[in-house]
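Just so we're aligned: the sequence shown equals residues 289 to 511 in my numbering.
All C-beta atoms in this analysis are idealised placements derived from N, C-alpha and C, irrespective of residue type, glycine included.
Worksheet for the structure shown next.
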Amino acid sequence: MRVVALFDVDGTLLTCRGAGRQALEDALADLTGRTGLLEGRTLAGGTDRKLARWGLEAAGHPVDEAAIAAVLERLPGALVTALEAVDARAHAGTFALTAAMREAGHVVGLGTGNVREGAHIKLRRVGFDPDDFAFGGFGDDDEDRNRLIGAGIGRGLALCDGPARVVVIGDSDRDVAAAKANGVACVAVRTSQSTDAQLAGADLIVDDLTDPRAWAFLGVGRH
Ligand SMILES: [Mg+2]
């Protein structure tokens, strides 16, 4: 059966080594004049809209759609600058796996709390072509990760003629929760800070995406 895959970006396809957090802080500082607004916050599995809201609240700034949009508008430029200062890289196995899935006729997309433009900037920075991901659920879609993953699943299924098996691939408990909330399967990777206890609801947990069990679960053989 055809697989519709939604790959998380940060911690799953790649690591930005803190540039994502820095960019959010810089975008918030540019708007509010305050720094360190996300200190102590866990960003893993978060969404840009929710993080913008948290930052605005911490600054005592009015939290409305215009203010959130003003943060998100500043984010891509801040991200380009922040990424120049770090050694961002793709995680092991991610280029080969996503290419093999496309070759096999599966539908490969993104499921990420990043706004679309931000996700594409990060992907390009480590050598992916964003056009290779046929669809996505993005941080622009919704503040709530479960709902934005749901939007992405709908777009992926719309690209299939017949039945398909949907799989979310992620590195945090929020990826697992979003998969379960939408009634689809989840492959979790231990490529960031998450413990196995946090990833426990996943159908499969692997060290990284070179693991042949992940490839088999996603409908391709490991060469
Ligand atoms: Mg992640």
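Practice prompt. Measure from the alpha carbon of GLY293 to the alpha carbon of each residue in GLY415, LEU445, ALA376, then state which is nearest.
Written response: Within the sequence shown, numbered from 1, the residue matching residue 293 stands at position 5. Here residue 293 is Ala; the residue named in the question, Gly, does not match the sequence. Nearest of GLY415, LEU445, ALA376 to ALA293, Cα basis: LEU445.
Fill in: Assigned exposure category for ALA354 - 16 Cβ within 10 Å defines buried
Here residue 354 refers to the residue found at position 66 of the sequence shown. That one is exposed.
Discussion item. Please report the straight-line C-alpha distance between ASP420 and VAL396, rounded to a whole angstrom.
Written reply: Residue mapping note: residue 420 aligns to position 132 of the sequence shown, counting from 1. Residue mapping note: residue 396 aligns to position 108 of the sequence shown, counting from 1. Answer to the nearest angstrom: the Cα atoms are 8 Å apart.
Worksheet item: What span of residues does the beta strand (DSSP E) with ARG290 cover, start to end?
Response: Taking the sequence shown and counting its residues from 1, one reaches residue 290 at position 2. Start and end: 290–295.
Worksheet item: Mind checking GLY306: buried by the 16 CB within 10 Å criterion, or exposed?
Response: Taking the sequence shown and counting its residues from 1, the one referred to as residue 306 is at position 18. Exposed.
Worksheet item: Per DSSP, what kind of secondary structure is VAL522 in: helix, strand or coil?
Response: The question about residue 522 has no answer here: the residues shown for the chain are numbered 289 through 511.
Worksheet item: What whole-angstrom Cβ distance do ARG362 and ALA407 have, given they're in contact under 8 Å?
Response: Counting from 1 along the sequence shown, the entry for residue 362 is found at position 74. Counting from 1 along the sequence shown, the entry for residue 407 is found at position 119. ARG362 to ALA407, Cβ: 16 Å. No contact.
Worksheet item: So what's THR303 in DSSP terms, helix, strand or just coil?
Response: For the purposes of this step, residue 303 is taken as residue 15 along the sequence shown, with counting starting at 1. If DSSP states are grouped into helix, strand and coil, THR303 belongs with the strands.
Discussion item. For ligand 1, is there any heavy atom lying closer than 7 Å to the beta carbon of GLY444?
Written reply: Residue mapping note: residue 444 aligns to position 156 of the sequence shown, counting from 1. No, since every heavy atom of ligand 1 falls outside the 7 Å radius drawn around the Cβ of GLY444.
Item to complete: May I ask you to list the residues that DSSP assigns as paired with VAL403?
Response: Here residue 403 corresponds to residue number 115 of the sequence shown, with the count starting at 1. Looking at the DSSP output, VAL403 bridges to nothing.
Discussion item. With distance defined between alpha-carbon atoms, name the residue in LEU497, HIS379, ALA452, ASP429 nearest to ASP336.
Written reply: One-based indexing of the sequence shown puts residue 336 at position 48. Measuring from the Cα of ASP336, the nearest candidate turns out to be ASP429.
Worksheet item: Do you know how far the Cα of ARG453 is from the Cα of LEU549?
Response: Since the first residue shown for the chain is 289 and the last is 511, residue 549 is missing from the structure and cannot be characterised.
Fill in: Any residue whose CB is nearer than 7 Å to a heavy atom belonging to ligand 1, listed in chain order
ASP296, VAL297, ASP298, GLY299, THR300, ALA332, GLY333, GLY458, ASP459, SER460, ASP463, SER480
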